[in-house]
Structure formats: C-alpha cells, structure tokens
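K.L.:
Protein chains: 2
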Amino acid sequence: MRNAFHDDLATIESTLVEMAQLVSRAMERATTALLTSDLKLAEEVISDDDRIDEMQHELDDKTLNVMARQQPVARDLRTLVTSLRMSADLERMGDLAHHIAKLARMRYPNCAVPEELRPAFKDMGVVATRIIEKVGKVIDQHDSVGAIELDQDDDEMDKLHRYLLTTMQNGEWPHSIEMTIDITLLGRYYERCADHAVSIAKRVYFLVNGEYATD
Amino acid sequence: MRNAFHDDLATIESTLVEMAQLVSRAMERATTALLTSDLKLAEEVISDDDRIDEMQHELDDKTLNVMARQQPVARDLRTLVTSLRMSADLERMGDLAHHIAKLARMRYPNCAVPEELRPAFKDMGVVATRIIEKVGKVIDQHDSVGAIELDQDDDEMDKLHRYLLTTMQNGEWPHSIEMTIDITLLGRYYERCADHAVSIAKRVYFLVNGEYATD
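If you're matching them up, the sequences are chains A and B in order.
First residue of the first sequence? That's 1 in the UniProt record's numbering, and the numbers climb one at a time after it.
First residue of the second sequence? That's 1 in the UniProt record's numbering, and the numbers climb one at a time after it.
The structure is reproduced here in structure tokens:
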C-alpha cells in the first residue's frame with residue numbers, strides 16, 4: 001500500500017508541476033499580449049485558462065480519492081492537504097494571467113500600458129514567469145533552498161510595483177484616468193501572482209523541514 | 001466513533017461561523033475607519049486581523065487532526081476538505097479588511113475617499129458586512145437557498161464597483177492620481193471580499209446538494 005501511495009503522491013506532484021508550467025506560460029503570453037496589443041494571443045490565454053481550472057478540479061478529485069483510499073496520517077496527510085492548497089494557489093495565479101489578457105483585449109487595438117512603463121511591465125512579466133518556473137522546480141525537487149530564494153524574486157516584483165506607483169504620482173503623469181486605473185489593477189495582478197508563488201514556496205518549505213521559514 | 005466525528009464537525013463549523021462574525025465585524029469597522037478617518041479604529045482592525053489568522057491555523061490543525069483520527073471517507077472527507085477551503089477564504093477576507101484599514105491609516109488625517117464617493121463606499125461596506133453575515137448563516141444552517149441568494153448581494157457589489165469606475169472616468173474627476181489609485185484598490189478589495197463570500201456559498205451548496213449551483 002505504501003508504494004501505491006507514493007506513486008499517487010508522485011502523480012499529484014507531477015500534475016502540480018505541469019500546472020505551474022501552464023501558469024508560467026500563461027503569464028508570459030499574457031504579458032506579451034498586453035505589451036504588443038496582440039488580440040489573438042490574449043484570446044488564447046483567456047481560453048487556455050479553462051484547462052488550468054480543469055486540471056485543478058481533476059487534481060483535487062484525485063487527491064480526495066487518495067485520501068479516502070489510503071487513509072494517510074501525519075506527514076502524508078499534511079502533504080495531500082498542502083497539495084490541495086498549492087493547486088488553489090496555482091489556479092488563482094492562472095486567473096491573474098487571465099485578468100491581464102482580458103485587459104489587453106479590452107483596450108485593443110490600443111495598448112493599456114503607456115510606452116514609458118512598458119519596460120517595467122516587461123520586467124514584471126519576466127519576474128512572474130521566472131518565479132512560477134522556480135515554484136515548479138521547488139515542488140518537483142522538494143527544494144527548500146530554492147523556496148527561500150523565491151523571496152528575492154518577490155522583492156524584485158515589489159520594487160517594480162512601487163516603481164509603477166511612484167511613476168504615476170511623480171507629478172508628470174500625462175495619461176487618462178482610465179489608464180491610471182488599468183495600471184493600478186495590472187500592477188496588483190502581477191504583485192498578487194508573486195505573493196501566491198511565495199505562499200506555495202513556504203508550503204513546500206514547511207513540508208520539507210517541518211517548520212516555517214524564518215523571514 | 002461516528003458521534004465523536006459529528007461533534008468534531010460541529011466544532012469546526014461553529015469556529016467557521018465565529019470566523020465569519022469576526023470578518024464581518026472587521027469589514028464593518030474598516031469601512032467606518034476609512035470613511036471617518038478614525039485612526040484608532042483602523043489600528044484596531046489591523047491588529048485584530050492576527051486573531052483571524054490564528055483562528056485559521058487552529059481550525060486547520062483541528063481539521064487535519066480529525067482527518068487523521070477519524071479517517072473519514074466520501075461526504076465526510078469532502079466536508080472536512082471544504083472546511084479547510086472556507087477557512088482560507090475567510091482568512092483572505094480578513095486580509096482585505098486589513099488592507100482597507102491600512103489605507104485608512106496611511107492617509108490619516110485625510111480621508112482616502114472623496115466626499116462624493118463616500119455614500120458608495122458606505123454601501124459597499126454595508127453589502128460586504130451583510131454578505132459575510134449571510135455566509136456565516138449559510139455555513140451554520142447548511143442553507144443552500146441562502147447560498148444562492150448571495151449572488152444577488154454580489155451583483156449589488158459589482159454594481160457599486162462599476163459606479164466607482166464610471167465616476168472616476170466621467171471626465172469630471174478632479175482628484176489626485178494618488179486618490180485615483182486608492183479608490184481603484186479599495187474598490188477591488190470590496191469586490192474580492194464579495195467574490196470570496198460567493199465562493200464559500202458555492203462550496204456549501206455543493207456539500208448540501210452534491211452538485212454545483214447553476215448560474
């Protein structure tokens with residue numbers, strides 16, 4: 001039975017890794033769609049989000065099924081419950097990519113982001129994509145060192161987010177209210193995405209080490 | 001054993017109801033702090049959020065403990081897993097009240113909300129508080145009719161949220177970029193709070209009826 005259980009766990013973990021890959025790709029493409037006003041790409045990100053939602057449902061059903069069949073306790077039970085939480089985080093990160101793509105579509109053929117902020121959003125997209133890729137590796141390799149390193153990427157995201165806010169408030173922001181609202185929301189989506197990644201990393205750290213990472 | 005299990009479930013449910021009450025109260029007080037620039041009240045909401053976070057941890061430990069001891073299957077297992085998700089939703093709703101209170105504190109002694117939008121935010125606070133109270137009742141009474149009714153409150157919140165956005169964009173918005181950003185974020189916090197409430201209601205509906213509510 002233990003072997004069957006560990007096979008189940010391995011399947012669950014590889015699905016989580018696959019979800020992370022899809023979400024990372026969604027975030028990368030949503031950013032490209034946003035910055036290049038690519039309507040077709042935005043539509044793709046929007047419709048592909050269904051696949052991420054579906055994977056979460058399948059994964060959660062599988063996890064509940066394993067719980068019911070294998071009756072795990074202690075660490076094994078905690079691992080399964082943590083998987084449920086990680087799949088919820090990943091699904092939400094997919095939603096945030098979806099929100100970004102929807103905003104790109106809403107402003108098409110215009111670009112929601114003014115030229116001077118495009119480099120910052122490009123960087124936010126790069127950081128988001130990288131942080132989600134790292135999360136996939138952290139899950140795959142139970143890598144608690146990598147989990148801690150994610151904080152640095154999150155700091156980079158916070159810095160970019162602050163840069164957006166100060167740029168809008170430096171007294172020389174010539175853009176419309178609509179654009180101000182868009183940038184505020186977009187900034188929040190990227191920032192929340194990184195927060196969820198950090199939250200997953202902390203869960204992995206806890207599973208590996210049996211204690212919370214100290215900040 | 002079954003009786004012990006149902007006692008455990010009842011304890012878990014009553015803790016969820018208690019969490020909902022705390023979150024509802026936090027949202028009510030955060031709104032008052034925001035609209036009356038009440039620094040002391042804002043500080044209270046901020047520090048009281050620790051209690052909500054703590055409750056989530058205690059509740060999750062309890063739920064895992066019940067899973068390990070009672071080895072539930074089928075519906076009982078699903079109920080426990082759903083409790084974990086509801087506690088995560090409630091904790092996040094508490095965070096959103098906390099964000100509102102922090103914004104109130106950041107702008108003190110000024111008010112983050114301009115006079116003409118205060119009635120709308122007052123209404124958003126009322127809807128948020130009501131929706132969370134209803135969620136508590138839905139959990140307490142396994143009330144799937146009440147769960148569906150929550151959608152109406154959510155529609156009301158969406159309407160108020162749209163009103164904020166159109167007011168800012170009607171061409172006569174005389175306020176600073178800072179205020180535009182604040183209103184955009186505040187609107188999002190209230191809207192997300194209602195989303196989480198709807199998500200809890202859907203979970204209860206599923207538990208009671210064994211199927212998802214149709215929109």
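In this text, a Cβ means the ideal position worked out from N, Cα and C, and glycines have one as well.
State the CB to CB distance for the pair Ala26/A and Ala104/A, rounded to an integer number of angstroms; the pair is presumed to be in contact (CB under 8 Å).
P.N.:
About 12 Å; that fails the 8 Å criterion.
K.L.:
Hey, does Ala112/B have any beta-carbon neighbour from chain A nearer than 7 Å?
P.N.:
False, the Cβ-Cβ gap to chain A never drops below 7 Å.
K.L.:
Hey, is Ile177/A's beta-carbon within less than 7 Å of any beta-carbon in chain B?
P.N.:
Chain B, which has a Cβ nearer than 7 Å to the Cβ of Ile177/A, makes this yes.
K.L.:
Leaving aside the five residues before and after Asp123/A along the sequence, list all residues of the same chain whose C-beta is less than 6 Å from its C-beta, in chain order.
P.N.:
The answer, listed in chain order, is Leu160.
K.L.:
Going along the chain, which residues of the stretch 170 to 196 of chain B sit with their C-beta nearer than 7 Å to a C-beta in chain E?
P.N.:
The chain labelled as chain E is not found among the protein chains of the depicted structure, namely A and B.
K.L.:
Express the C-alpha separation of Ala74/A and His6/B in angstroms, rounding to a whole number.
P.N.:
Answer to the nearest angstrom: the Cα atoms are 21 Å apart.
K.L.:
The alpha helix (DSSP H) spanning Glu54/A covers which residue range?
P.N.:
First-last of the alpha helix (DSSP H) with Glu54/A: 39 to 70.
K.L.:
Determine the DSSP secondary structure at Gly210/A, reduced to helix, strand or coil.
P.N.:
The answer is coil: DSSP assigns Gly210/A none of H, G, I, E or B.
K.L.:
Are Ile181/A and Ser24/A touching if we call contact CB-CB under 7 Å?
P.N.:
Taking 7 Å as the Cβ cut-off, Ile181/A and Ser24/A do not qualify as a contacting pair.
K.L.:
From what residue to what residue does the alpha helix (DSSP H) around Gln169/A run?
P.N.:
Start and end: 144 to 169.
K.L.:
Compare the Cα-Cα distances from Glu28/B to each of Met55/B, Glu13/B, Leu96/B and report the closest residue.
P.N.:
Considering only alpha carbons, the answer is Leu96/B.
K.L.:
Which bits of chain A does residue 288/B rub up against, with CB to CB less than 8 Å?
P.N.:
Chain B is shown from 1 up to 215; residue 288/B falls before or after that span and cannot be answered.
K.L.:
So the alpha helix (DSSP H) Leu96/B belongs to, where does it begin and stop?
P.N.:
Leu96/B -> alpha helix (DSSP H) spans 74 to 107.
K.L.:
Going by the C-beta, is Asp53/B closer than 6 Å to any heavy atom of the ligand MG?
P.N.:
Absence of the ligand MG from the depicted structure is noted, as is the absence of any ligand whatsoever, leaving it without description.
K.L.:
Any beta-carbon of chain A closer than 7 Å to the one on Ala68/B?
P.N.:
Answer yes: the Cβ-Cβ gap between Ala68/B and chain A drops below 7 Å somewhere.
K.L.:
Return the CA-CA distance between Tyr163/B and Leu84/B, expressed in angstroms with no decimal places.
P.N.:
Their backbone Cα atoms lie some 34 Å apart in a straight line.
K.L.:
How would you list, in chain order, the residues of chain A whose beta-carbon sits under 9 Å from the beta-carbon of Ala74/B?
P.N.:
By Cβ distance, chain A contributes Ala68.
K.L.:
Comparing C-alpha positions only, which one of Leu150/A, Tyr212/A, Leu117/A sits nearest to Leu186/A?
P.N.:
Leu186/A has its Cα closest to that of Leu117/A, out of Leu150/A, Tyr212/A, Leu117/A.
K.L.:
Suppose the cutoff is 6 Å on Cβ atoms and the five residues either side in sequence are ignored; what does the same chain contact list for Met93/A look like?
P.N.:
These residues qualify, in order along the chain: Val23, Cys193, His196.
K.L.:
Counting pairs of beta carbons, one from the stretch 147 to 156 of chain B and one from the stretch 201 to 208 of chain B, are three or more of them closer than 8 Å?
P.N.:
Flag = yes, the stretch 147 to 156 of chain B and the stretch 201 to 208 of chain B touch.
K.L.:
Answer yes or no: do Val113/B and Phe121/B have a C-beta to C-beta separation smaller than 7 Å?
P.N.:
Taking 7 Å as the Cβ cut-off, Val113/B and Phe121/B qualify as a contacting pair.
K.L.:
So does the stretch 44 to 57 of chain B actually touch the stretch 46 to 66 of chain A, counting three or more Cβ pairs closer than 8 Å?
P.N.:
Cβ pair count under 8 Å is below three, so no.
K.L.:
Does the distance from the C-beta atom of Tyr108/B to that of Leu39/B stay below 7 Å?
P.N.:
Their beta carbons are under 7 Å apart, which means Tyr108/B touches Leu39/B by this criterion.
K.L.:
Please list the partners that Gln71/B has in chain A, where partner means a Cβ-to-Cβ separation under 7 Å.
P.N.:
The contacting residues are Gln71.
K.L.:
Using only the alpha-carbon positions, how far apart do Ser14/B and Gln21/B sit?
P.N.:
About 11 Å.
K.L.:
My guess is that Gln169/A and Ile183/B are in contact by the Cβ rule of under 8 Å, so how many angstroms apart are they, rounded?
P.N.:
Contact flag wrong, Cβ pair sits at about 14 Å.
K.L.:
For Cys111/B, which three-state DSSP category applies?
P.N.:
Looking at Cys111/B - three-state DSSP - the assignment turns out to be coil, as it is neither helix nor strand.
K.L.:
I'd like the list of long-range same chain contacts for Met179/B, defined as Cβ closer than 6 Å, with 5 residues on each side in sequence excluded.
P.N.:
Excluding sequence neighbours, Met179/B sits near nothing in its chain.
K.L.:
So, helix, strand or coil for Glu172/B, using DSSP?
P.N.:
Note: Glu172/B maps to coil in three-state DSSP.
K.L.:
Assign Ala129/A to buried or exposed, taking buried as 16 or more other Cβ atoms, counted over all protein chains shown, within 10 Å of its Cβ.
P.N.:
The amino acid at residue 129/A is misidentified as Ala; the sequence shows Thr. Counting Cβ neighbours within 10 Å, Thr129/A comes out buried, since at least 16 surround it.
K.L.:
Report the rounded CA-to-CA distance for Leu90/A versus Ala101/A, giving the unit in angstroms.
P.N.:
The alpha-carbon atoms of Leu90/A and Ala101/A are separated by roughly 17 Å.
K.L.:
How would you call residue 216/B, buried or exposed, if buried means at least 16 neighbouring beta carbons within 10 angstroms?
P.N.:
Any property of residue 216/B remains undetermined from this structure, which presents chain B solely from 1 to 215.
K.L.:
Quick check: what's the CA-CA separation for Asn209/A versus Thr167/B?
P.N.:
Looking at the two C-alpha atoms, the distance is approximately 51 Å.
K.L.:
Please report the distance separating the alpha-carbon of Met19/A from that of Lys137/A.
P.N.:
Spanning the two alpha carbons is a distance of roughly 12 Å.
K.L.:
Just how far apart, CA to CA, sit Asp155/B and Ser199/B?
P.N.:
Cα to Cα, Asp155/B sits roughly 14 Å from Ser199/B.
K.L.:
Can you check whether the C-beta of Met55/B is within less than 7 Å of a C-beta belonging to chain A?
P.N.:
Output row for Met55/B: interface = no.
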